[in-house]
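Here the structure is laid out as structure tokens; the discussion comes afterwards.
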Ligand code: BGC
């Protein structure tokens with residue numbers, strides 16, 4: 276039996292846009308309506324949280340969880356600049372109160388990829404006034420919701436937001452290889468984090484303010500200098516930009532990287548969240564063949580979840596949590612795994628992913644790393660951004676049309692681990708072997724040139 280420390284946090288992670296449903300004046304609504312969802316699905320009611328989140332809070336209670344990560348939709352709270360929506364604020368307050376009544380400690384994310392259209396139209400985080408506007412929202416969040424929560428996540432994955440929005444064209448604003456704006460957005464987000472950090476602490480002295488970063492393992496496909504250089508570049512830019520900004524207040528000096536200093540950001544972090552899923556293999560020579568994904572590929576023989584609409588999601592890689600924890604321990608603050616999971620409709624490898632990740636985490640804690648909790652992504656199947664309903668991450672299967680939920684075997688496994696505050700010898704033995712790989716051997720494809728096509732129709736695929 277691997278037992279975790281007392282007070283270890285067991286939770287699930289969710290986000291407003293992927294769970295709440297309904298019509299929200301944020302930049303993703305426009306993106307979705309303009310036909311950018313590859314699967315052509317529409318989000319619709321999503322998991323119906325705006326009306327009925329309590330049904331899933333009951334599932335959290337059934338699993339015995341003591342924590343929940345969820346986000347506030349800025350566009351609901353401040354739909355027009357300077358206008359605060361009392362009804363939306365009240366709905367959030369009743370939702371958070373309901374979660375607290377079920378014994379869930381709340382980790383509240385203020386930006387999980389979405390923001391109001393008025394903010395997007397001004398250039399989002401590339402605009403010099405953006406950090407100030409975000410800090411005002413953070414201060415209001417503390418005022419309205421501080422009664423229910425002291426654990427704040429200012430941003431979810433600045434690295435995914437900027438890479439997908441400014442380099443790959445997968446997220447709004449849909450820019451491709453716009454390095455200049457991508458860098459401005461990345462820096463704007465970290466400046467916004469620092470301002471929000473100060474405002475949250477001013478409003479709530481007991482606040483614990485963190486950020487969640489996505490951490491992917493990158494492996495060079497050969498010993499060639501080019502493959503290794505590309506691997507290092509990915510690692511530095513994708514995995515370590517937030518680390519360097521939070522630790523040193525600047526990006527590391529490299530000849531190919533513009534110097535960037537944000538002294539204000541340094542040290543403004545009370546805990547760090549690590550979102551850890553997968554590993555990508557890096558091959559310089561496949562750059563021209565996969566311009567969209569720039570030399571990333573997934574070998575056929577590695578464990579993988581379900582592929583997306585047209586590419587593999589990545590190698591499912593529980594040991595990636597080791598590198599993430601080792602790297603980010605340099606911040607000297609507590610760490611949480613704020614997301615871990617796999618798209619796996621048939622629950623073929625999810626149990627292995629959970630148990631193996633927790634086994635790694637247990638070993639890391641024994642080595643002295645300050646790891647405080649595990650949040651699974653996610654409770655129920657939810658709307659997976661440009662992949663729509665194609666990728667299914669839930670412990671519970673969801674039919675978005677009927678809103679029926681059915682537990683996957685992983686839900687019961689998770690309940691057992693939460694109840695035991697650890698992983699039993701039987702569950703460890705049951706997941707000892709790596710699962711067989713899926714028969715996929717495709718390089719990640721170039722992004723479609725059809726971005727911007729209109730007229731998608733709703734097509735729920737359950
Ligand atoms: C994001 C989630 C997303 C999950 C699975 C994370 O990068 O924070 O919003 O659904 O990965 O792809």
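Residue numbers (this note's numbering): 276 to 737.
All C-beta atoms, glycine included, are put in the ideal place defined by N, C-alpha and C.
Closest to residue i by CA distance: which of the options is it?
i: residue 600; options: 404, 611 and 591; result: 611
i: residue 458; options: 659, 470 and 441; result: 441
i: residue 428; options: 486, 394 and 446; result: 486
i: residue 665; options: 584, 683, 344 and 639; result: 584
i: residue 390; options: 351, 371 and 328; result: 351
i: residue 603; options: 518, 415, 329 and 646; result: 518
i: residue 304; options: 629, 653, 339 and 318; result: 318
i: residue 529; options: 512, 596 and 544; result: 512
i: residue 740; options: 707, 284, 316 and 464; result: Because the chain is modelled from 276 through 737, residue 740 falls outside the range shown and cannot be assessed.
i: residue 293; options: 503, 516 and 654; result: 654
i: residue 524; options: 531, 623, 505 and 544; result: 544
i: residue 395; options: 510, 306, 691 and 455; result: 306
Please classify residue i: does DSSP put it in a helix, a strand, or coil?
i: residue 614; result: strand
i: residue 285; result: strand
i: residue 432; result: coil
i: residue 619; result: coil
i: residue 672; result: strand
i: residue 579; result: strand
i: residue 352; result: helix
i: residue 401; result: helix
i: residue 626; result: helix
i: residue 548; result: strand
i: residue 654; result: coil
i: residue 489; result: strand
i: residue 465; result: helix
i: residue 648; result: strand
i: residue 346; result: strand
i: residue 299; result: coil
i: residue 387; result: coil
i: residue 606; result: helix
i: residue 311; result: coil
i: residue 511; result: helix
Using beta-carbon positions only, say whether residue i and residue j come within less than 9 Å of one another.
i: residue 594; j: residue 635; result: yes
i: residue 670; j: residue 686; result: yes
i: residue 388; j: residue 400; result: no
i: residue 495; j: residue 552; result: no
i: residue 381; j: residue 374; result: yes
i: residue 626; j: residue 580; result: no
i: residue 342; j: residue 657; result: no
i: residue 559; j: residue 493; result: no
i: residue 632; j: residue 649; result: yes
i: residue 434; j: residue 346; result: no
i: residue 338; j: residue 689; result: yes
i: residue 312; j: residue 663; result: yes
i: residue 412; j: residue 353; result: yes
i: residue 405; j: residue 397; result: yes
i: residue 246; j: residue 482; result: What the structure shows of the chain is the stretch from 276 to 737, and residue 246 is not part of that stretch, so it cannot be assessed.
i: residue 506; j: residue 557; result: yes
i: residue 532; j: residue 490; result: no
i: residue 329; j: residue 284; result: no
i: residue 334; j: residue 683; result: no
i: residue 703; j: residue 630; result: yes
Have a look at residue i and residue j and give me their C-alpha separation to the nearest angstrom.
i: residue 291; j: residue 331; result: 13 Å
i: residue 378; j: residue 298; result: 30 Å
i: residue 366; j: residue 325; result: 8 Å
i: residue 436; j: residue 376; result: 33 Å
i: residue 473; j: residue 368; result: 23 Å
i: residue 520; j: residue 616; result: 27 Å
i: residue 566; j: residue 302; result: Here residue 566 scores only 47 on pLDDT, less than 50, and its place in the model should not be relied on; the value that follows carries that caveat. Cα to Cα, the separation comes out at about 26 Å.
i: residue 288; j: residue 340; result: 11 Å
i: residue 446; j: residue 276; result: 42 Å
i: residue 508; j: residue 569; result: 12 Å
i: residue 576; j: residue 480; result: 51 Å
i: residue 620; j: residue 710; result: 15 Å
i: residue 535; j: residue 527; result: 8 Å
i: residue 383; j: residue 503; result: 38 Å
i: residue 439; j: residue 497; result: 26 Å
i: residue 468; j: residue 546; result: 13 Å
i: residue 554; j: residue 574; result: 11 Å
i: residue 572; j: residue 622; result: 23 Å
i: residue 315; j: residue 675; result: 15 Å
i: residue 582; j: residue 478; result: 44 Å
Tell me which residue opens and which closes the beta strand (DSSP E) that residue i is part of.
i: residue 420; result: Careful: residue 420 lies outside any beta strand (DSSP E), inside the alpha helix (DSSP H) at 405-420.
i: residue 371; result: Here residue 371 belongs to no beta strand (DSSP E); instead the alpha helix (DSSP H) covers 361-376.
What residue does the alpha helix (DSSP H) around residue i start on, and which one ends it?
i: residue 705; result: 700-705
i: residue 692; result: 684-695
i: residue 259; result: Residue 259 is absent from the structure shown; the chain starts at 276 and stops at 737.
At a Cβ threshold of 9 Å, is residue i touching chain B?
i: residue 575; result: Although the question refers to chain B, the structure presented lacks it and comprises just one protein chain.
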